[in-house]
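Visitor: Residue numbers for the sequence shown, in my numbering: 12 to 591.
Heads up, the beta-carbon is just placed ideally off N, CA and C, and yes, glycines get one too.
No experiment lies behind these values; they were computed from the predicted model shown.
My questions will all concern the structure given below.
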Amino acid sequence: MTLIISLIIYLRRDVITAMVNRLVLIKRFLIVLAMFGGFFKDFTVLRLKRKLHLGLIDDNDYRVIYASQARRFRQKANDLGGLLIKLGQFISVHVDVLPEEYTKELANLQDAAAAAEFSDISRIIEMELGNKDWVLEKTPLASASLGQVHKALLPDGDVVAVKVLKPDIDRLIVTDLLALRWVTAAARRFTAWGKDYDLVSIYREFEETTKRELDLHQEGLSAERIGRDISGFDNVLVPKIYWDYSSNRVLTMEFMDGVKITDKSILTAWDVKERDLSGQLFQVFWYQVMETGFFHADPHPGNIFVNQGGQLILLDFGMVGNIGSQQKQQLFELMTALMAGDGAKCSFYIDQLGFVRREVAREQLEQAMEFMLAAAKDMGNGQEITEEVRQFLYSQPFQLPANILFLGKTFSTLMGVCYGLDNGFDFMNQVTKGLGIDGGEKSSFGFSNLQRGLSEILSRLKKLYDTPKRLDGLALEIKRLGQHQKEQMVRLQGLLYSMLWAVLTAGSGLIAVVLYTNDKPGAEIGWAVTVVFGGVLFISLMGSKANSKSRSRRIDRRRHRRRGEGKSALPGIEKPKFHP
């Protein structure tokens, strides 16, 4: 009897293996659903407590839940690997949708996973490319959730790096995407948050991003395109693609020896100047975004190496971004309108860029922008501004396009690398270099737009001096706001006035530089205005520190007493809610 059973198992081993694999996928599907189901349960319990008056429920209770859920998600993603890691990295950039507790926790999610068996990798390579006469190292150089990289020696002596998708990754991705579709449908059906946001669009963006990363042929094309685009940068290298040894599931590229850009001890031993590297790195990414519009969207240290000659090596082009010429122009117009204090134009270009959800009335958006620009009267430091921008995006009806989010994440990651290399990294100096107004080669996009925008900026500066006259009328409107609305208005005032003066200081300097480098009259006035705005900025910063802490304590005490979430501080715009 045992012999018969063994014979049946041997003869039907393919069927049995398929059944086992299917059960594994079903188990994974249920685990993912259970995790998100636990998140829904957290909110349901808290909501019942509030309805039954079982204790005071305030924003702190929700923040505790957010932090707990983010930790559980990160732990589960690390355990299961696959698409959950990619999902965590993807949603970590959605500061317009998710609270800070989520975005900060998931931003540190690292895409690392156990390597697949070499026999399975060899089988995939043989299925894709046939029996190639090359020597492949068994130990991978790196392993991530979707694939792994092995070093190999070609018959002609070339040393290459071979990226291979992991076995059964397609079925695993299909399983995870199905679970996410179920979760998305449940959120849209049963939560207020799901009804506030276009979750279907966010899901589709993630699905498209994932499919692009699974197409290694497309990754090779992206690498070649960026390599051509930045060929004028002698100090930046992109690996050559070996198409005869590549397919949709296998990508063979030139092996370039080097170390991570963060390996400071080796860079010092090689006498490579970290300050030079930071400037070169910023310039090559600025060029990709502002000139070509096609950019490497994942510049973390693991994807940027440096060789012994001090040259930068860009790796892993699975995640790329694209900014069209029209979108670049609209972004510039939005910046110009902000510098000019023109709320109507700000709201127009915010609308044109697709930053607000469809149901928001454009007249209300314009009213809100004018209200904020006119009422702003406080000042904060750079960190406060960054935090307020994040809070502003989350608290107002914005849903940013995927490519804008990728652009923001790209520069956020890039700035972290640049400042890590050089504590004195001069952002404005690098921007003027990128725009071509430092006496070097002029940027075709930046320079022409700066010149065209100067008259618009200067013509609008007078509006700043009308602000005190408008505040009297606005005081009546502010009195009509509730306590929570007043608190948010104070925060928004600080944000906008901080941005306004900081931008004016930088903008005046840029104006002076443009006039000076082109032998135009008025450069001295530009420098003088820069000094004046800079002085006001400095004095305001110093003055604001005295009352900043006390104001924060007052607001925190009020938040603690407040139950639930208030309405928006801006007229006519409903604040979205993350929780049900």
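Can you tell me whether glycine 335 sits near the ligand PLP, meaning its C-beta is under 8 Å from at least one heavy atom of the ligand?
Guide: With respect to small molecules bound, the structure shown includes none, and the ligand PLP cannot be examined in it.
Visitor: Out of Met138, Tyr256, Arg182, which one is the CA nearest neighbour of aspartate 169?
Guide: The candidate whose alpha carbon is nearest that of aspartate 169 is Tyr256.
Visitor: Measuring CB atoms only, is the region 30 to 45 touching the region 187 to 198, in the sense that at least three cross pairs come out at less than 8 Å?
Guide: Contact holds: three or more Cβ-Cβ distances are below 8 Å.
Visitor: Using the rule of at least 16 other Cβ atoms within 10 Å of the residue's Cβ for burial, across every protein chain shown, is threonine 150 buried or exposed?
Guide: That one is exposed.
Visitor: Classify lysine 62 as buried or exposed, calling it buried when 16 or more other Cβ atoms lie within 10 Å of its own Cβ.
Guide: Under this definition lysine 62 is an exposed residue.
Visitor: Hey, would you say alanine 153 sits closer than 9 Å to glycine 313, going by beta carbons?
Guide: Yes, the pair counts as a contact, with Cβ atoms nearer than the cut-off.
Visitor: I need the straight-line Cα distance from leucine 147 to phenylalanine 293, nearest angstrom please.
Guide: Going from the Cα of leucine 147 to the Cα of phenylalanine 293 covers about 35 Å.
Visitor: Just to check my reading of the structure: phenylalanine 328 and serine 233 have Cβ atoms closer than 8 Å, yes? What is that Cβ distance to the nearest angstrom?
Guide: That belief holds up - the Cβ atoms of phenylalanine 328 and serine 233 are roughly 4 Å apart, short of 8 Å.
Visitor: Exposed or buried, which one is threonine 443 when buried takes at least 16 other CB atoms within 10 Å?
Guide: Threonine 443 should be labelled buried.
Visitor: Checking 9 Å against the spacing of the C-beta atoms, do phenylalanine 244 and glutamine 319 come in under that value?
Guide: No, the pair does not count as a contact, with Cβ atoms beyond the cut-off.
Visitor: Taking the alpha-carbon positions, what's the aspartate 2 to proline 166 distance?
Guide: The structure shown has nothing for residue 2, since the chain only spans 12 to 591.
Visitor: Thinking just about the alpha-carbon of each residue, which of Arg74, Ile37, Phe40, Leu36 is nearest to the one in phenylalanine 54?
Guide: Phenylalanine 54 has its Cα closest to that of Arg74, out of Arg74, Ile37, Phe40, Leu36.
Visitor: For methionine 138, count the other beta carbons within 10 Å of its own beta carbon; 16 or more makes it buried, fewer makes it exposed. Which is it?
Guide: The residue is exposed, with fewer than 16 neighbouring Cβ atoms inside 10 Å.
Visitor: What span of residues does the beta strand (DSSP E) with glycine 141 cover, start to end?
Guide: Premise fails: glycine 141 is in no beta strand (DSSP E) and is neither H nor E.
Visitor: Starting from glutamine 363, follow the alpha helix (DSSP H) in both directions and report where the run begins and ends.
Guide: Looking at the DSSP string, the run of the alpha helix (DSSP H) that includes glutamine 363 is 354 to 363.
Visitor: Using DSSP's beta-bridge definition, name the partner residues of asparagine 333.
Guide: Its beta-bridge partners are Phe305.
Visitor: Which same chain residues end up closer than 7 Å to phenylalanine 436 when comparing Cβ atoms and leaving out the 5 residues on each side of it in sequence?
Guide: Around phenylalanine 436: Ser289, Cys429, Tyr430.
Visitor: I want to know whether the region 296 to 309 touches the region 263 to 273 - three or more CB-CB distances under 8 Å.
Guide: No: fewer than three Cβ pairs fall under 8 Å.
Visitor: What three-state label does DSSP hand serine 423 in the structure shown?
Guide: In the structure shown, serine 423 sits in a helix (DSSP, three-state: H, G or I).
Visitor: Does DSSP classify phenylalanine 343 as helix, strand or coil?
Guide: Of the three classes helix, strand and coil, the one that applies to phenylalanine 343 here is helix, per DSSP.
Visitor: Tell me the residue span of the beta strand (DSSP E) that contains lysine 594.
Guide: The chain is shown only over 12 to 591; residue 594 falls outside these bounds and no answer can be derived.
Visitor: The beta strand (DSSP E) with histidine 161 in it runs from where to where?
Guide: Histidine 161 -> beta strand (DSSP E) spans 158 to 164.
Visitor: If you draw a straight line from the alpha carbon of alanine 308 to that of isoleucine 76, how long is it in whole angstroms?
Guide: If you take the alpha carbons of alanine 308 and isoleucine 76, they lie about 31 Å apart.
Visitor: Buried or exposed: leucine 65, going by 16 or more other Cβ atoms within 10 Å of its Cβ?
Guide: When all chains shown are included, leucine 65 counts as exposed.
Visitor: Over what stretch of residues does the beta strand (DSSP E) that includes isoleucine 324 continue unbroken?
Guide: It spans 323 to 325 - the beta strand (DSSP E) in which isoleucine 324 sits, taken as one unbroken run.
Visitor: Under DSSP, the beta strand (DSSP E) around threonine 202 begins and ends at which residues?
Guide: First-last for threonine 202: undefined, no H or E at that position.
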